[in-house]
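Take a look at the structure below.
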Amino acid sequence: MDVLLAQLLNSLLYAAVLFLIAGGLSLIYGVMRIVNLAHGSLFALGAYVMAWGVSRVAGASGAEPAYLIVLLPVAAAAVGATGAVVEPLFLRPLYARAEEYQLLLTFGLLLILEDAMRYVWGATPLTVSPLWASFGSLHVLGATYPRYNVVVILLGLAAAILLWAFVFKTRFGVMLRATSQNRRMAAALGINVSAVYVQAFALGCVMAGLAGAVIVPIQGAVLGMGVDALILAFVVVVIGGLGSLEGALVGALIVGLVRTIAIQYFPELELAVLYLIAAVVLITRPAGLLGRA
Amino acid sequence: MSSVQHSPDAALTLGTARDAHRIRPALWYTAALALLALLLPFLEGVPVIGWLASPFQRIQLTYGLVFSIAALAFNLLLGYTGLLSFGHAAFFGGAAYAAGLLVKYLHVYSMEGFLLAGLTSALVLAAVFGSVCVRYTRIFFSILTLALSQVLWALALKFFWITNGTDGLSIPTPTLLWGLVGTSGDKVRFLSFTYYYYVLVIFFVCVAVMGVIAASPFGKALQAIRDNEVRAQFVGIGVRRYRWYAFVISGAFTGVAGALFAPLNGLTTPDILHWTFSGKIVFMTVLGGFKSFIGPILGGIAYNYLETYVIKTTEYWQMLLGIILVALVLVMPRGIVGVFAWGSRREQRNR
Amino acid sequence: MPLLFAQGLRKSFGETRAVDGVDFLVESEELVSLVGSNGAGKTTLVNLLSGLLVPDAGSIAFQDADITAVPVRDRIKAGIARSFQLVNLFDQLSALDNVRLAIFSRDGTTRQVLRLAERNRHAREEALEILRDFGLEDKWDTPAAGLAQGERKLLDVALAYALRPKLILLDEPTSGVGTREKGTIMDAVAQLVQARGLAAVIVEHDMDVVFTYSHRIVMMHQGKVLAEGTPEQIRADERVATALLGKA
């Protein structure tokens, strides 16, 4: 029973992080019709910034690590700021051109970001496990479970709710949806499409950055984590439907659960099982479970 | 624009004349370059170009030719069919590994054996990957190819007792032409002379065959699919089936390149199965210019020099490639070919 | 027996009944115009007949064979070709290659992988002839993207024509071009259709064009057929006048 509960929580943890990454990817696609191949690298950037920030602050002030969780939004904002620079500088000139140019450009950004992180933070993984450990453990129903992981799950939940409220209940959300429905119409209605694009892209990056920042106390920041995350996030959006936030949530839950089960029972086939699910969804429901055709 | 109205037949003759004008200098350049490549090993003593003919440089050029074949094959998908694959490392690396496994398990040391094994493995892989990937286009296609090729990479690492893991499989100097040319002699001499010619001939064959494919009715159908999928369907082309054919052909030629690469490099490591290698193939194609047939040839050769003289000097080669790629997309989308075309247009205007 | 015979066709998009129980027939060598205001269901009907859409209900027979759910490729083989309202061309290919591709596809030669397209003299000559018929011979070398709007419209029709169909469906072949060009396009189309003995369904807004060229006119309104008949009958029909004037 306790093992089962821990497994369930693990899959929720994993789903929370994946939702943040894939949700950002999907949001950007939904609004701008761009799939950012560098999205996984932005997730990795969040992880590195967080790890670096924590070690800096902890080293300087000798602060109690648990408080350093306040650095999460800082790391996320840093990634968001990166996005706010990238969109107008690199992506904007390409909207009028064929899609392969967008893919090629974001691929170039991926290469640059991967090496930039290696240049700044080196090839050795960064870890901030003291932060994770300082949260201690939780005892529920006879199971022991790290409290920090629960915090991440709750954060993921909060992010999902906030995002939903943001997209469906705010004025900006209305503009976002209008732009995603019909760019020209939105422009004709007086919406500043360029501004919406920057904001949507930055918001997607913030989500990726936050995902990286929350995961780093658990698993550290490693080179190559970005590309792995990109592929997994893609599996999520394929299952859920590209461009749909609910789809990202459902997809993340499915992938989280399947991955946890797979790691427990047939670790060698973990990725293969996920790809298989994605392939089945692609073949039976090309637009994803909750996607728009 | 000419102000004279031509009848269609006049236009036809004018057109061929016009075509010939466009093609003739290109043909001359190509013939001259081909001749240079054929004579290269004998030009070591010649003043200006002698350095290019040294054994080291000839081996460099051989690498470049191998990459050119891969880039050309890749461009059948990107430039002609409009599909951007991030998984061509699977066919290149898969073929090289097929050669390595042939040596390890069957003790075959024949280059024709390598080519056959490489071609077959790439064909099978491309047929399987293709049947999944061509159901989708655009970004879905790109990431699907990336994901599937990463599976192969992971397998090469995990089944280390078969593949030797990160150490890779070593490929000894093979015999050529069914054993007619033996393995004796020193390796540099073999690679820079005998193997150089071997690769050069296969390169010419591949370029010719792919050139014909690109200009065949089939090739035109691919371009039609690239330009307008719906209309292609409404002139009666089986869009998905043709995409699959293109994928398999592209994968097969990439496999030929991979098989040629194996003895040249002497070692196959998982690097050439990794997505970063797919990225390199993408890079060389865009560098040369993916909107023209010959662009990828120039790109493959240029890329190899870039790798030898620049990339190997820095640890941060990915960043370098990334910056060049971004710059290419933003300001030089037609690549090296675009620069030449621009130059010759200026020249004409100046006259 | 009519060439094409559709019965009880229905197609809804969400709540909208775009085509709502339409019976429609075309005789051999007949030129039928589909008229009606925007949203009347004309384009949807063409999409159903050409196979771009599958009907929710009803059946379509072509030369006595049921083609209701037959895929596009097989309809083309059976002899139904179409052009598009929003021009649909192979933009990077030359006008010649656009037409030639339709010819290759029709002849099944797109399967030729190791033969230069240029070597097929028949295809080249036929394509040039078709371009000449449509007055595009001077532009044979121009990429489709570089043609003027009227020329693109003509080339779009030429692609469908090159497939040698028995029935050609033309969705607003003259929309978006100047008044003078309209006449040119329609003259060319009407002549070719008649010379080849094709049947044609033409979606058209310009009533002058419709009255000049049609054998029969079908008037649609809100997904249903409101009236049909010869140009004279339609001209005299008050419902048509009301529907058209009401719109104007």
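Those sequence lines, one after another, are chains Y, L and E. To convert, note that position 112 of the first sequence is 112 in the UniProt record's numbering; the numbers rise steadily by one, no gaps. To convert, note that position 209 of the second sequence is 209 in the UniProt record's numbering; the numbers rise steadily by one, no gaps. To convert, note that position 141 of the third sequence is 141 in the UniProt record's numbering; the numbers rise steadily by one, no gaps. We put the beta carbon where it would ideally sit given N, CA and C, even for glycine.
Three or more Cβ pairs closer than 8 Å define a contact, and the stretch 241-252 of chain Y falls short of that threshold against the stretch 214-223 of chain Y. The beta carbon of residue 160 of chain E sits closer than 6 Å to those of 81, 82, 83, 168, all from its chain and outside the five residues before and after it, given in chain order. Under the three-pair Cβ rule at 8 Å, the stretch 44-60 of chain Y does not count as touching the stretch 171-188 of chain Y. Judged by their CB atoms, residue 200 of chain E and residue 136 of chain E are not nearer to each other than the 8 Å cut-off.
Taking 4 residues as the minimum length, the alpha helix (DSSP H) runs contained wholly in the stretch 202-240 of chain L are 217-227, 229-234, in order along the chain.
Our two residues, residue 290 of chain L and residue 330 of chain L, have alpha carbons roughly 14 Å apart in a direct line. Among the residues of the stretch 62-82 of chain E, those with a Cβ less than 8 Å away from any Cβ of chain L are 72, 73, 76, 77, 81, 82, in the order of the chain. Counting along the chain, residue 30 of chain Y sits inside the alpha helix (DSSP H) bounded by residues 2-32.
In terms of Cα proximity to residue 78 of chain Y, the closest of Y/49, Y/89, Y/287 is Y/49.
Using a Cβ-Cβ cut-off of 8 Å, residue 241 of chain L does not count as an interface residue toward chain Y, since no Cβ of chain Y sits closer than that to its own. At a cut-off of 8 Å between beta-carbon atoms, residue 189 of chain L makes no contact with chain Y. Taking C-alpha positions only, residue 172 of chain L is separated from residue 266 of chain L by approximately 6 Å. Within chain L, no residue has its CB atom less than 9 Å from the CB of residue 246 of chain Y, the nearest being about 19 Å off.
Residue 285 of chain L is classed as buried because its beta carbon has at least 16 other beta carbons within 10 Å across all chains shown.
Contact between the stretch 147-161 of chain E and the stretch 181-199 of chain E is present, with at least three C-beta pairs closer than 8 Å.
Burial state of residue 185 of chain Y is exposed, judged by a 10 Å Cβ sphere holding fewer than 16 other Cβ atoms.
Residue 155 of chain E has its alpha-carbon roughly 43 Å from the corresponding atom of residue 276 of chain L.
Taking 8 Å as the CB threshold, residue 106 of chain L stays off the interface with chain Y. With respect to the 8 Å criterion, residue 259 of chain L and residue 118 of chain L are classified as neighbours on the basis of their beta carbons.
Neighbourhood of residue 87 of chain Y in chain L, by CB distance below 9 Å: empty, with the nearest CB roughly 14 Å away.
For residue 161 of chain L, no chain Y residue has a Cβ inside 7 Å of its Cβ, as the nearest lies near 14 Å away.
For residue 291 of chain L, the closest Cβ of chain Y is not nearer than 8 Å. Beta-bridge pairing by DSSP links residue 225 of chain E to E/220.
Minimum Cα-Cα distance from residue 30 of chain Y among the listed residues Y/241, Y/140, Y/106 corresponds to Y/241. For chain Y, the residues of the stretch 310-323 of chain L that bring a beta carbon within less than 7 Å of one of its beta carbons are 316, 318, 319, 321, 322, 323, in chain order.
Spanning the alpha carbons of residue 208 of chain Y and residue 96 of chain Y requires a straight line of approximately 26 Å.
A straight line joining the alpha-carbon of residue 166 of chain Y with that of residue 296 of chain L spans about 47 Å. Between residue 119 of chain Y and residue 9 of chain Y a beta carbon distance of about 37 Å is seen, past the 8 Å cut, so the two are scored as non-contacting. In the displayed model, residue 11 of chain E falls within a strand according to three-state DSSP.
The three-state secondary structure of residue 145 of chain Y, taken from DSSP, is strand. Neighbours of residue 75 of chain L across chain E, judged by C-beta separation under 7 Å, do not exist; the nearest C-beta is about 15 Å away. Taking all protein chains shown into account, residue 228 of chain L has 16 or more neighbouring C-beta atoms within 10 Å of its C-beta and is therefore buried. Among the CB atoms of chain L, none fall inside 8 Å of the CB of residue 54 of chain E. Of all alpha-carbon atoms in Y/19, Y/268, Y/32, the one lying nearest the alpha-carbon of residue 151 of chain L is that of Y/268. Bridge partners of residue 171 of chain E according to DSSP: E/203. Judged by DSSP secondary structure, residue 139 of chain Y falls within the beta strand (DSSP E) whose first and last residues are 137-140.
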